[in-house]
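**Q** In my numbering, the protein residues as written are 291 to 840. Note that CB positions come from ideal geometry on N, CA and C, so glycine has one too. The structure presented is a predicted model; accordingly, all values stated were derived computationally and were not measured.
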RNA sequence: GCCGCUAUCGUCUAACGGUUAGGACACAUGAUUCUCAAUCAUGUAACCAGGGUUCGAUUCCCUGUAGCGGUACCA
């Protein structure tokens, strides 16, 4: 055991350049003037790669909770691992989240409690590290990687817990002279927590999502400051969240096991503890096993995948909301016209286990969402998407705005809303029947019907077709053609005696559909033809007739 | 290995000791003055296993099993 004097001496030896005190720092970060009910939360990603969908998920929780309580949502960049950092990583995160409609009240660009990038807060952590050493709550450790490895080896051989703790912690109670000598030899050091926890002591802890949990006290002398002078997550977290006035930490589940450690650091720092909520991560089914959505294996782990595909941002957020609080779906059914921001998200309703990320369900939520939009809104969203990801579509839309809106308007009104679009890129397929240069006429024999008969039907249709007809007039004419050619008008009658007829009205409409759209399936044929216009319809039918004759 | 969390239809979940175990997605079938989509109706489908506690357990407790997470000078 060292004396108080000795600890102060070591602190001064290690950080002679640090003149500021803990009090000085706190003066720069005054307490926020907010009510307790107003949540100050933060999303704190590392710029180590592309924006993960899980990040969108977690930041949405933060954003919602802040909004609901008239609180503040902060973005903080945790870039203390310089080895894993990638260039442009910060912009990737900020721009990406913004594209999903998630903005921050304080972040890299604005805010009074910055810097919001941890590497720029290096000096702050040092002040606290020096203070902890001086008070005997932390100490320098000069152990080499090799030595640490040896310790670990010995520990696993004798079957005890691995780690730097208790009697295994070489430098825990080192003499001042030893510290001086190591320093003089130019050895690099880390600052470790001087843990006073007892692993055999259990305590309960209340997590806002998990509820009451039991933990063992931490006894690991974990690294606080790395040898490059930057803090580990464990050290930066209590300091930043305290200085920034965070009153609820929402972070993914992988942090859950380090709660005892963090509580000890809070205590040793002399800080008030902060409430935690640990939501479970998004999972993926892989060969019968659930696993975390992986950056390397799963394209859909990259949030930009959804941007490319053109999944509507609100659809994405609503899908996430339905995973977070399953009552969101019921709420949505009861309040079809309210914005998702009106839904009240509750931490206690979160599921404790990880949910599978379900693309099918996502598509369904997006279909619902898009079906609630007007044709103009769809046009604008698709245009925005196409501008970035599909110039061909973009140009078509710019040059044919009215035409495109009327395409999007097909079966968009009334009760029978069309729900076949889950993402903006789906328009490419839709456009194929409406633009002549994207249109592929079908081969002659797609229909199992005599060619002469098909030609007859189409010629008769052309003879009576009038663009100004209402849909009933239009269909009456088709029925007439059907009748004249020996088709049943009534489906049930046809079912009774199929041999009496050549087919049913649907088959006649089918011939026209194939001629006009090039497909056996299409949206409401009458509406399609109205949108296409008289001459395009006639052209296509004539071309198809020629094709059959050729 | 050790520590912790979790466990209901294929998926997301509801239930907070007594229910024909509910809903949504998916799937299947049927309806529908044209196909697809939509809509409507119907249907298939679940309490991880074994012990307790209790008049009664999906629900509470224990054990096992499985999944997930942690066990770094990564976050």
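#1: Going by DSSP, which residues form a beta bridge with residue 579?
#2: Exposed or buried, which one is residue 344 when buried takes at least 16 other CB atoms within 10 Å?
#3: Use the C-beta contact count for residue 430: other C-beta atoms within 10 angstroms, 16 or more gives buried, fewer gives exposed.
#4: Can at least three beta-carbon pairs, one atom from the segment 402 to 412 and one from the segment 292 to 308, be found at a separation below 8 Å?
#5: What are the uninterrupted segments assigned as alpha helix (DSSP H) that are 4 or more residues long and contained completely in the segment 304 to 331, given in chain order?
#6: Apart from the five residues on each side of it in sequence, which residues of its chain come closer than 8 Å, Cβ to Cβ, to residue 718?
#7: Could you pull the DSSP bridge partners for residue 348 from this structure?
#8: What alpha helix (DSSP H) runs, 4 residues minimum, are completely inside the segment 667 to 752?
#9: Go through its chain and collect everything with a Cβ distance to residue 275's Cβ below 6 Å, but skip five positions before and after it.
#10: Please return the same chain residues whose Cβ sits closer than 7 Å to the Cβ of residue 752, not counting the five positions on each side in sequence.
#11: Closest to residue 840 by CA distance: which of 797, 809 and 745 is it?
#12: If we count the other Cβ atoms within 10 Å of its Cβ and call it buried at 16 or more, is residue 326 buried or exposed?
#13: For residue 354, collect the residues of the same chain with a Cβ closer than 7 Å to its Cβ; drop the 5 residues on either side in sequence, then sort them by chain order.
#14: Just how far apart, CA to CA, sit residue 738 and residue 601?
#15: Residue 310 and residue 417 - do their beta-carbons sit closer together than 9 Å?
#16: Measure the beta-carbon distance from residue 724 to residue 822 and round it to whole angstroms, keeping in mind my assumption that it falls under 8 Å.
#17: Let's see if you can read the secondary structure: which residues bound the alpha helix (DSSP H) around residue 566?
#18: Three or more beta-carbon pairs under 8 Å between the segment 459 to 479 and the segment 423 to 439, yes or no?
#19: Give the secondary structure of residue 837 by DSSP, where H, G and I count as helix, E and B as strand, and everything else as coil.
#20: Residue 482 lies in the beta strand (DSSP E); which residues open and close that run?
#21: If we count the other Cβ atoms within 10 Å of its Cβ and call it buried at 16 or more, is residue 603 buried or exposed?
#22: Within the chosen definition, does the segment 692 to 699 reach the segment 662 to 682 through at least 3 CB pairs nearer than 8 Å?
#23: Going by DSSP, which residues form a beta bridge with residue 777?
#24: For the beta strand (DSSP E) containing residue 538, name the first residue and the last one.
#25: Thinking just about the alpha-carbon of each residue, which of 291, 760 and 810 is nearest to the one in residue 859?
#26: Rounding to the nearest angstrom, what Cα-Cα distance links residue 708 and residue 812 in this structure?
#27: Return the chain-ordered list of same chain residues with a C-beta closer than 6 Å to the C-beta of residue 386, the five sequence neighbours on each side being excluded.
#28: Is DSSP giving residue 396 helix, strand or coil here?
#29: With distances taken Cα to Cα, identify the nearest neighbour of residue 774 among 792, 788 and 784.
#30: So, at 7 Å on beta carbons, what are the nonlocal neighbours of residue 807 in its own chain, with the 5 sequence-adjacent residues on each side left out?
#31: Closest to residue 632 by C-alpha separation, out of 621, 742 and 645, would be which residue?
#32: Would residue 389 and residue 338 qualify as a contact pair, given that the criterion is a beta-carbon distance under 9 Å?
#33: Taking C-beta to C-beta, are residue 527 and residue 552 nearer than 9 Å?
#34: Count the CB pairs spanning the segment 635 to 651 and the segment 576 to 587 that are closer than 8 Å, and state whether there are at least three.
#35: I'd like to check one pair, residue 304 with residue 420: are the Cβ atoms closer than 9 Å?
#36: Report back the beta-carbon spacing between residue 555 and residue 524 to the nearest angstrom; my notes put them in contact at under 8 Å.
**A** In short:
#1: Per DSSP, 576.
#2: Residue environment analysis places residue 344 among the buried positions, since at least 16 neighbouring C-beta atoms fall within 10 angstroms of its C-beta.
#3: Classified as buried, residue 430 has 16 or more neighbouring CB atoms from the shown chains inside 10 Å of its CB.
#4: No: the two stretches stay apart, fewer than three of their Cβ pairs being nearer than 8 Å.
#5: DSSP runs (the alpha helix (DSSP H)) wholly in the segment 304 to 331: 312 to 318.
#6: The residues are 680 and 683.
#7: In the DSSP output, where bridge partners are listed per residue, residue 348 has none listed.
#8: Fully enclosed alpha helix (DSSP H) runs of 4 or longer: 681 to 689, 691 to 698 and 717 to 721.
#9: This structure cannot settle anything about residue 275, because the visible part of the chain is limited to 291 through 840.
#10: Within the same chain, 828 and 831 come within 7 Å of residue 752 by CB-CB distance, once the 5 residues on both sides are set aside.
#11: Of the listed residues, the one whose Cα sits closest to residue 840 is 745.
#12: By the neighbour-count criterion, in which a residue is buried when 16 or more other Cβ atoms sit within 10 angstroms of its Cβ, residue 326 is exposed.
#13: The beta carbon of residue 354 lies closer than 7 Å to those of 635 in the same chain, with the five residues before and after it left out.
#14: Distance between the alpha carbons of residue 738 and residue 601: 38 Å.
#15: At a Cβ-Cβ threshold of 9 Å, residue 417 and residue 310 count as neighbours.
#16: Contact between residue 724 and residue 822 is confirmed by a C-beta separation of about 7 Å, below the 8 Å threshold.
#17: In the DSSP assignment, residue 566 falls outside any alpha helix (DSSP H) and within the unbroken beta strand (DSSP E) covering 565 to 567.
#18: Touching, per the Cβ criterion.
#19: Helix at residue 837.
#20: Start and end: 480 to 483.
#21: Counting Cβ neighbours within 10 Å, residue 603 comes out buried, since at least 16 surround it.
#22: Under the 8 Å Cβ criterion, the segment 692 to 699 counts as touching the segment 662 to 682, having at least three qualifying pairs.
#23: Beta bridge pairing from DSSP links residue 777 with 793.
#24: Element bounds for residue 538: 538 to 540.
#25: Residue numbering for the chain in the displayed model covers 291 to 840; residue 859 lies beyond these limits and cannot be assessed.
#26: Taking C-alpha positions only, residue 708 is separated from residue 812 by approximately 11 Å.
#27: 341 and 593, listed in sequence order.
#28: Here DSSP, grouped into helix, strand and coil, assigns residue 396 to strand.
#29: It is 792.
#30: Once the five neighbours on either side are set aside, the close Cβ partners of residue 807 are 723 and 818.
#31: Taking only the C-alpha atoms, the option nearest residue 632 is 621.
#32: Against a cut-off of 9 Å, the Cβ pair of residue 338 and residue 389 comes out as no contact.
#33: Yes, Cβ-Cβ distance for residue 527 and residue 552 is below 9 Å.
#34: Flag = yes, the segment 635 to 651 and the segment 576 to 587 touch.
#35: In this structure, residue 304 lies closer than 9 Å to residue 420 by Cβ.
#36: The Cβ separation is near 6 Å, so the contact holds.
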